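2 protein chains.
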Amino acid sequence: MKFATLPNGTPDGQLHLVSRDLTRATAAKDVATMQALIENWEALAPALEAQYSALNAGGGEAFDMTQALAPLPRAWQWLDGSAYESHGDLMQKVFKMDPVPKGRPLMYQGMSHEFLPATADVPFPSEADGIDIEGEFGIICDAVPMGTDAQTTQSHIRLLVQINDWSLRTIAPVEMKTGFGWVQAKPACSVAPVAVTPDELGDAWRDARVDLPLKVDLNDTHFGAAEGYHMAFGFDELIAHAAKTRKLVAGTIIGSGTVSNENFREIGSSCIAERRGIEMLDTGAPVTPYMSFGDRVKMECSARDGAPIFGAISQTVVAQS
Amino acid sequence: MKFATLPNGTPDGQLHLVSRDLTRATAAKDVATMQALIENWEALAPALEAQYSALNAGGGEAFDMTQALAPLPRAWQWLDGSAYESHGDLMQKVFKMDPVPKGRPLMYQGMSHEFLPATADVPFPSEADGIDIEGEFGIICDAVPMGTDAQTTQSHIRLLVQINDWSLRTIAPVEMKTGFGWVQAKPACSVAPVAVTPDELGDAWRDARVDLPLKVDLNDTHFGAAEGYHMAFGFDELIAHAAKTRKLVAGTIIGSGTVSNENFREIGSSCIAERRGIEMLDTGAPVTPYMSFGDRVKMECSARDGAPIFGAISQTVVAQS
Chain Z
1 MKFATLPNGT PDGQLHLVSR DLTRATAAKD VATMQALIEN WEALAPALEA
51 QYSALNAGGG EAFDMTQALA PLPRAWQWLD GSAYESHGDL MQKVFKMDPV
101 PKGRPLMYQG MSHEFLPATA DVPFPSEADG IDIEGEFGII CDAVPMGTDA
151 QTTQSHIRLL VQINDWSLRT IAPVEMKTGF GWVQAKPACS VAPVAVTPDE
201 LGDAWRDARV DLPLKVDLND THFGAAEGYH MAFGFDELIA HAAKTRKLVA
251 GTIIGSGTVS NENFREIGSS CIAERRGIEM LDTGAPVTPY MSFGDRVKME
301 CSARDGAPIF GAISQTVVAQ S
Chain F
1 MKFATLPNGT PDGQLHLVSR DLTRATAAKD VATMQALIEN WEALAPALEA
51 QYSALNAGGG EAFDMTQALA PLPRAWQWLD GSAYESHGDL MQKVFKMDPV
101 PKGRPLMYQG MSHEFLPATA DVPFPSEADG IDIEGEFGII CDAVPMGTDA
151 QTTQSHIRLL VQINDWSLRT IAPVEMKTGF GWVQAKPACS VAPVAVTPDE
201 LGDAWRDARV DLPLKVDLND THFGAAEGYH MAFGFDELIA HAAKTRKLVA
251 GTIIGSGTVS NENFREIGSS CIAERRGIEM LDTGAPVTPY MSFGDRVKME
301 CSARDGAPIF GAISQTVVAQ S
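If you read the sequences in order, they're chains Z and F. For the first sequence, this note's numbering assigns the number 1 to the initial residue and increments by one for each residue that follows. For the second sequence, this note's numbering assigns the number 1 to the initial residue and increments by one for each residue that follows.
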């Protein structure tokens with residue numbers, strides 16, 4: 001199934017089913033919000049499956065994804081991994097950080113009270129903060145008991161999402177050095193308009209990973225198309241890591257971290273910091289600037305045959321007024 | 001005003017006014033939840049003030065604080081500071097961490113989807129994780145626009161709370177070293193049963209700080225009574241720090257960090273890690289163990305004349321089943 005949330009004047013919006021080709025949508029019958037669905041998935045999904053089949057056969061209304069909110073406009077929990085080692089290794093090298101031991105997922109707790117719509121302008125206080133993107137995949141899980149192991153967690157993955165984890169690079173290393181993680185460096189993320197059940201990816205949902213490239217354009221110029229599969233830990237393992245000492249609330253979103261591949265010089269990057277890191281290694285100094293007000297980012301993940309999946313993130317950075 | 005949340009079968013419970021002496025309570029008129037109050041404070045407070053006056057004059061029902069949920073049982077955002085430098089300095093010395101530059105508040109984003117009731121047993125997966133307490137004060141603020149400065153933030157402080165930030169010390173340094181902050185090391189916090197408006201503290205609310213001691217007992221033995229005033233940054237500054245690059249959602253909780261004073265050898269500590277740190281400095285090795293299943297903690301902050309304020313946190317650590 002594919003879902004979007006359309007505005008209805010409430011913070012959580014109205015849950016909609018979206019046709020597989022993303023052209024049509026219809027309000028989910030008897031389910032007001034994405035959060036309500038995730039809290040009661042087993043009971044609500046069968047009727048929605050039937051409604052989804054009917055929608056794909058025809059009917060519904062035209063789906064205008066520029067109107068969509070984030071699929072889950074606010075969440076009780078957002079935990080972001082950093083599961084692509086080629087990204088982490090490069091960042092450590094460039095910023096001369098102590099190497100982080102392998103074998104244990106990296107994860108931080110992020111702000112979850114607001115996820116920005118995929119096409120809204122994104123306000124920041126200052127260009128001097130080093131405004132950067134991080135293209136990611138994510139999952140939305142239902143309630144996970146404390147101590148659930150990675151063999152069991154995959155059944156809790158209800159939806160897949162595509163995320164832009166906005167990052168402020170001038171502040172990030174200052175906060176990282178404290179060991180406390182990020183507050184100022186990680187404001188609200190943006191999310192592509194459509195959340196999909198894992199089966200919508202077919203064979204491209206593999207080992208609890210999205211086996212598809214994430215295409216990133218900056219100001220209409222190709223910036224990267226890294227493959228999502230190359231996570232050192234799958235989402236099953238990221239969930240188990242998160243649930244080690246806490247229960248996860250239904251509607252917890254867990255991110256993959258910036259999609260990155262070892263051949264980043266050929267395939268490009270999903271964040272500017274990574275490209276700047278490559279430039280520093282290759283020439284001694286970064287060349288690509290961080291974003292300025294007015295700059296645009298587009299991020300989209302399509303099926304290998306070009307069929308749309310999540311819709312696109314397509315945003316402009318603006319000055320906070 | 002003083003508030004508690006009593007269970008009514010919903011995750012957010014029913015908001016109650018509590019008499020100044022904490023003996024009686026009555027359901028808040030026309031306000032279902034703490035979150036609803038915080039979202040619309042200006043409009044709702046006058047009627048509640050009248051109801052509170054009436055309650056203090058008599059009436060209501062007996063208030064059984066062992067029945068109370070956390071005042072805000074779940075929040076959209078929980079940001080915890082570390083504003084007592086005597087604590088931070090000691091921890092850095094003991095754990096041989098790089099000193100953190102002064103002049104900038106320390107803060108991490110914590111899990112906010114569950115705050116435990118003050119008298120509930122607290123389940124943990126393993127005693128080997130180094131189960132520890134952190135006695136703190138906190139504020140609950142209403143919506144704060146991005147970029148609000150510290151001169152303006154104090155008007156956004158609607159309520160004060162008293163918190164136990166449960167911490168797992170074996171995991172904490174492993175997560176800190178990554179720079180990503182804590183996930184596994186910081187499960188759900190507990191909160192004292194009663195949240196109070198700052199005016200309830202009278203002169204003891206000073207410079208956006210709680211000028212009162214936080215008494216901590218472990219297994220019925222006095223452990224510490226550090227004074228709350230000695231924050232390097234007041235809550236006004238902590239809010240401004242948090243709101244630098246994001247707007248704060250109404251109902252954001254911000255913590256002071258472990259209450260600690262420079263004369264910790266005399267006055268005691270609000271967490272076991274600090275006492276162990278002192279022991280390591282003084283004798284080369286920690287002596288005081290972290291908590292075992294069955295161990296009990298009590299934390300309470302009273303007025304100088306002994307009058308109750310927040311009620312007590314009084315909990316037993318148990319094995320997660």
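For every residue, glycine included, the Cβ atom is placed at its ideal position computed from N, Cα and C. Please read these numbers as outputs of a predicted model, since none were measured by experiment.
Same chain, Cβ closer than 6 Å to residue i, neighbours up to 5 away in sequence not counted
{"i": "Thr170 of chain F", "result": "Asp129, Gly130"}
{"i": "Ser314 of chain F", "result": "Thr119, Lys298"}
{"i": "Ser269 of chain F", "result": "Gly224, Arg275"}
{"i": "Ala273 of chain Z", "result": "Asp132, Arg169"}
{"i": "Pro125 of chain Z", "result": "Gln320"}
{"i": "Pro286 of chain F", "result": "Arg276, Glu279, Met280"}
For residue j and residue i, the rounded distance between their alpha carbons
{"i": "Gly60 of chain F", "j": "Val31 of chain F", "result": "16 Å"}
{"i": "Val259 of chain Z", "j": "Arg246 of chain F", "result": "24 Å"}
{"i": "Asp306 of chain F", "j": "Val249 of chain F", "result": "Residue 306 of chain F is actually Gly in this sequence, not Asp. Distance between the alpha carbons of Gly306 of chain F and Val249 of chain F: 34 Å."}
{"i": "Ile324 of chain Z", "j": "Met280 of chain Z", "result": "In this structure chain Z extends from 1 to 321, so residue 324 of chain Z is not present and cannot be described."}
{"i": "Glu262 of chain Z", "j": "Phe235 of chain Z", "result": "20 Å"}
{"i": "Thr26 of chain F", "j": "Leu44 of chain F", "result": "16 Å"}
{"i": "Lys93 of chain Z", "j": "Ile278 of chain Z", "result": "10 Å"}
{"i": "Gly13 of chain F", "j": "Leu69 of chain F", "result": "7 Å"}
{"i": "His113 of chain Z", "j": "Thr283 of chain F", "result": "46 Å"}
{"i": "Gly142 of chain Z", "j": "Ile157 of chain Z", "result": "The sequence as given places Asp at residue 142 of chain Z; Gly does not occur at that position. When rounded, the distance between both Cα atoms is 7 Å."}
{"i": "Ile38 of chain F", "j": "Gly251 of chain F", "result": "6 Å"}
{"i": "Tyr229 of chain Z", "j": "Asp121 of chain F", "result": "42 Å"}
{"i": "Gly257 of chain F", "j": "Gln151 of chain Z", "result": "36 Å"}
{"i": "Glu136 of chain Z", "j": "Glu49 of chain F", "result": "48 Å"}
{"i": "Ser292 of chain Z", "j": "Ala312 of chain Z", "result": "21 Å"}
{"i": "Leu212 of chain Z", "j": "Gly138 of chain Z", "result": "13 Å"}
{"i": "Asn56 of chain Z", "j": "Ala28 of chain Z", "result": "14 Å"}
{"i": "Arg296 of chain Z", "j": "Ala47 of chain F", "result": "48 Å"}
{"i": "Phe395 of chain Z", "j": "Val161 of chain F", "result": "This structure gives no information on residue 395 of chain Z, because the portion of chain Z shown stretches from 1 to 321."}
{"i": "Phe95 of chain F", "j": "Lys102 of chain Z", "result": "22 Å"}
{"i": "Trp41 of chain Z", "j": "Ala54 of chain Z", "result": "19 Å"}
DSSP state of residue i mapped onto helix, strand, coil
{"i": "Gly294 of chain Z", "result": "coil"}
{"i": "His16 of chain F", "result": "strand"}
{"i": "Leu214 of chain F", "result": "strand"}
{"i": "Gln320 of chain F", "result": "coil"}
{"i": "Gly135 of chain Z", "result": "strand"}
{"i": "His87 of chain Z", "result": "helix"}
{"i": "Leu6 of chain F", "result": "strand"}
{"i": "Glu262 of chain Z", "result": "coil"}
{"i": "Asp80 of chain Z", "result": "strand"}
{"i": "Ala225 of chain F", "result": "strand"}
{"i": "Ala240 of chain F", "result": "helix"}
{"i": "Ser269 of chain Z", "result": "coil"}
{"i": "Phe235 of chain Z", "result": "helix"}
{"i": "Gln92 of chain F", "result": "helix"}
Residue nearest to residue i in terms of C-alpha spacing, selected from the options
{"i": "Ala185 of chain Z", "options": "Z:Glu134, Z:Ala83, Z:Tyr52", "result": "Z:Glu134"}
{"i": "Thr197 of chain Z", "options": "Z:Pro187, Z:Ser190, Z:Arg209", "result": "Z:Arg209"}
{"i": "Asp165 of chain Z", "options": "Z:Ile139, Z:Val194, Z:Ser190", "result": "Z:Ser190"}
{"i": "Arg304 of chain F", "options": "F:Ile267, F:Leu201, F:Ala195, F:Arg24", "result": "F:Leu201"}
{"i": "Ser86 of chain Z", "options": "Z:Ala150, Z:Lys2, Z:Leu72, Z:Ala232", "result": "Z:Ala232"}
{"i": "Ala75 of chain F", "options": "F:Gly103, F:Gln35, F:Phe95", "result": "F:Gln35"}
{"i": "Lys244 of chain F", "options": "F:Met146, F:His16, F:Leu72, F:Leu116", "result": "F:Met146"}
{"i": "His241 of chain Z", "options": "Z:Ala192, Z:Val144, Z:Asp203, Z:Ile309", "result": "Z:Val144"}
{"i": "Val318 of chain F", "options": "F:Gly294, F:Glu300, F:Phe310, F:Pro308", "result": "F:Gly294"}
{"i": "Pro187 of chain Z", "options": "Z:Pro123, Z:Ala47, Z:Thr153", "result": "Z:Pro123"}
{"i": "Ile309 of chain Z", "options": "Z:Met65, Z:Thr288, Z:Ile253", "result": "Z:Met65"}
{"i": "Leu159 of chain F", "options": "F:Asp89, F:Pro117, F:Leu17", "result": "F:Leu17"}
Cβ neighbours of residue i in the same chain (closer than 8 Å, five flanking residues each side left out)
{"i": "Met91 of chain Z", "result": "Met97, Ala273, Glu274, Gly277"}
{"i": "Asp199 of chain F", "result": "Trp205"}
{"i": "Thr23 of chain Z", "result": "Ala62, Phe63"}
{"i": "Thr148 of chain Z", "result": "His156, Ile239, Ala240, Ala243"}
{"i": "Tyr84 of chain F", "result": "Ala226, His230, Met231, Ala232, Ser256, Gly257, Thr258, Val259, Ser260, Asn261"}
Close beta carbons around residue i, own chain, < 7 Å, minus the five adjacent residues each side
{"i": "Leu99 of chain F", "result": "It is worth fixing the name first, because residue 99 of chain F is Pro in this sequence and not Leu. Cβ within range, chain order: Gln92."}
{"i": "Arg265 of chain F", "result": "Ile278"}
{"i": "Tyr290 of chain Z", "result": "Gly130, Ile131, Asp132, Arg169, Ile272"}
Partners in chain A for residue i, counting only beta-carbon separations shorter than 7 Å
{"i": "Arg265 of chain Z", "result": "Here the protein chains are Z and F, and chain A is not one of them."}
Any non-hydrogen atom of the ligand NAD closer than 6 Å to residue i Cβ
{"i": "His222 of chain F", "result": "This structure lacks the ligand NAD, and indeed carries no ligand of any kind."}
Given 8 Å as the limit, is there contact between the segment 171 to 186 of chain Z and the segment 169 to 188 of chain F, that is, 3 or more CB pairs closer than that? yes
Count the C-beta pairs between the segment 106 to 118 of chain F and the segment 78 to 90 of chain F that are closer than 8 Å, then say yes if the count reaches three, no if not. yes
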